[in-house]
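Heads up, the thing below is written out as structure tokens.
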Amino acid sequence: MIIEELIDGCKKENTKSQEQIYKLLAPKIFAVCLKYSRNYEEAQDNLQDGFLLIFEKINQFNHKGSFEGWAKRVVVNMILQQYRKENIFDIVSENFPDEVEVEVEEENISLDFLTRIIQELPDRYRLVFNLYVLDGYSHKEIADLLSINVGTSKSNLARAKAILKDKIELNNNLSIPKFK
20 MIIEELIDGC KKENTKSQEQ IYKLLAPKIF AVCLKYSRNY EEAQDNLQDG
70 FLLIFEKINQ FNHKGSFEGW AKRVVVNMIL QQYRKENIFD IVSENFPDEV
120 EVEVEEENIS LDFLTRIIQE LPDRYRLVFN LYVLDGYSHK EIADLLSINV
170 GTSKSNLARA KAILKDKIEL NNNLSIPKFK
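Residue numbering for the sequence shown follows this note's numbering, beginning at 20 and increasing consecutively.
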């Protein structure tokens with residue numbers, strides 16, 4: 020079956036089509052959920068809730084652009100909405116340097132380690148970091164998505180980078196043998 024037929028089947032609430040769409044997209048949508056969730060279990064919950072929402076809103080998909088991209092946006096917006104309800108974006112001091120440079124020796128850092136330390140970031144920092152660094156949103160777009168101001172987005176990104184830099188440096192120092 021081609022994707023258009025599966026989408027049409029989902030619009031008719033055909034469970035076989037929904038199952039096929041789920042099997043096709045679940046790994047990619049789960050990667051998005053992992054990026055924006057606090058931990059693995061929350062990502063699993065967001066995956067399930069996300070697909071329920073995708074199937075609920077599938078009639079809004081108008082076959083312009085990719086279905087996968089549309090589905091990812093639905094899930095990201097759902098997760099961001101959950102965070103907005105929690106008021107995690109209360110303003111903290113915005114006096115922080117705009118850019119923190121982090122030099123990483125790629126062979127010393129595993130993807131699992133990077134994923135873990137990003138997930139350990141406080142919610143506001145993790146979301147801004149993911150949206151800006153990993154998904155390429157501008158600070159203006161992030162501010163609009165999260166109902167914060169541009170300065171808060173910049174400050175949260177700088178704080179996220181500083182925290183990640185400290186954790187990476189600590190990890191590098193721990194992994195280098197010390198000789199007396």
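The beta-carbon is built from N, C-alpha and C at its ideal position, and this holds for glycine as well.
Residue i (DSSP reduced to helix, strand or coil)
i: L140; result: coil
i: S172; result: helix
i: N191; result: helix
i: I36; result: Here residue 36 is Ser; the residue named in the question, Ile, does not match the sequence. Correct three-state label for S36: helix.
i: N81; result: coil
i: I128; result: coil
i: I48; result: helix
i: I167; result: coil
i: A181; result: helix
Where the alpha helix (DSSP H) through residue i begins and ends
i: D27; result: 22 to 30
i: F86; result: 86 to 104
i: F74; result: 59 to 76
i: L9; result: Past the edges of the chain, shown from 20 to 199, lies residue 9, and the structure says nothing about it.
Cβ pair residue i, residue j closer than 7 Å
i: V51; j: K91; result: yes
i: R143; j: N175; result: yes
i: L25; j: I40; result: yes
i: H158; j: K173; result: yes
i: L66; j: L164; result: no
i: F202; j: I22; result: Because the chain is modelled from 20 through 199, residue 202 falls outside the range shown and cannot be assessed.
i: I161; j: V147; result: yes
Nearest-angstrom beta carbon gap, residue j and residue i [assumed within contact, 8 Å]
i: K30; j: I77; result: 6 Å
i: I136; j: K83; result: Actually they are not in contact, since the Cβ atoms of I136 and K83 sit about 37 Å apart, beyond 8 Å.
i: L153; j: K54; result: 6 Å
i: Q138; j: N190; result: With a Cβ gap of about 15 Å, Q138 and N190 do not count as contacting.
Short CB-CB distance (under 7 Å) between residue i and chain C
i: D68; result: The chain labelled as chain C is not found in the depicted structure, where only one protein chain is given.
Residue i CB to nearest heavy atom of the ligand GTP below 6 Å
i: R92; result: This structure does not include the ligand GTP; it has no bound ligands of any sort.
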